[in-house]
Amino acid sequence: IILKGNHDYWWTTAAKFYKFCAAHGWDDMFILNNNCYYYGDTALCGTRGWFYEQEQEGTHDEKIFRRELGRLEASFKAAGEHECPEILELLARYGVKHCFYGHLHAESMRLAMQGSFDGCEFRLLSADYVNFKPQKLLD
């Protein structure tokens, strides 16, 4: 299961991704996008997310943030829930216990939310932060 990142320009639509995978015999790769998958009793939900600050209201960043927030809600709905406020409130509302995220690089990694907050464990997984090594998320 993969989640599209902000630098993943090699596939633009789910149909193109699955066509590419089929052409290469990769029938066991799936996209986490507006949906969810289950690992045992754990619902895997997600979106690529986006940074947005109030002073950027009306900008392209706000548009992307709102779109990704909608995608995250769609993922939660696919797991059997509904409605949508801001990200931290949304995570709390849906009882999310683990939040794995990326998109922080270089100096911005110091801003990472790590550890427990409101009952949710946060973990930064940007490729450069984890030295480009795959990370085990759940047992």
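Each residue of the sequence shown is one higher than the one before, counting from 61 in this note's numbering. In this text, a Cβ means the ideal position worked out from N, Cα and C, and glycines have one as well.
Presumed contact (8 Å Cβ cut-off) between N95 and A138, rounded CB distance: Confirmed, about 5 Å.
Minimum C-alpha distance to H158 - residue among A166, H84, Q174, W110: For H158, the closest C-alpha among the options A166, H84, Q174, W110 is that of Q174.
For C105, the three-state DSSP class (helix, strand or coil): Judged by DSSP in its simplified three-state form, C105 adopts coil rather than helix or strand.
Residue from G100, A75, G85, A83 with nearest C-alpha to I91: Nearest of G100, A75, G85, A83 to I91, Cα basis: A75.
Cβ neighbour criterion (16 or more within 10 Å) applied to F77: Its Cβ being crowded by 16 or more others within 10 Å, F77 is buried.
Inter-stretch contact (C-beta, 8 Å, three-pair minimum) for the stretch 121-137 and the stretch 149-169: By the Cβ test, the stretch 121-137 is in contact with the stretch 149-169, since at least three Cβ pairs between them sit closer than 8 Å.
Cβ-based burial, T72 [other Cβ within 10 Å; buried from 16]: When all chains shown are included, T72 counts as exposed.
CA-to-CA distance, Q195 to H120, given in whole angstroms: H120 and Q195: Cα-Cα distance of roughly 32 Å.
Backbone CA spacing between Y99 and E117 [nearest angstrom]: Each residue's alpha carbon lies about 37 Å from the other.
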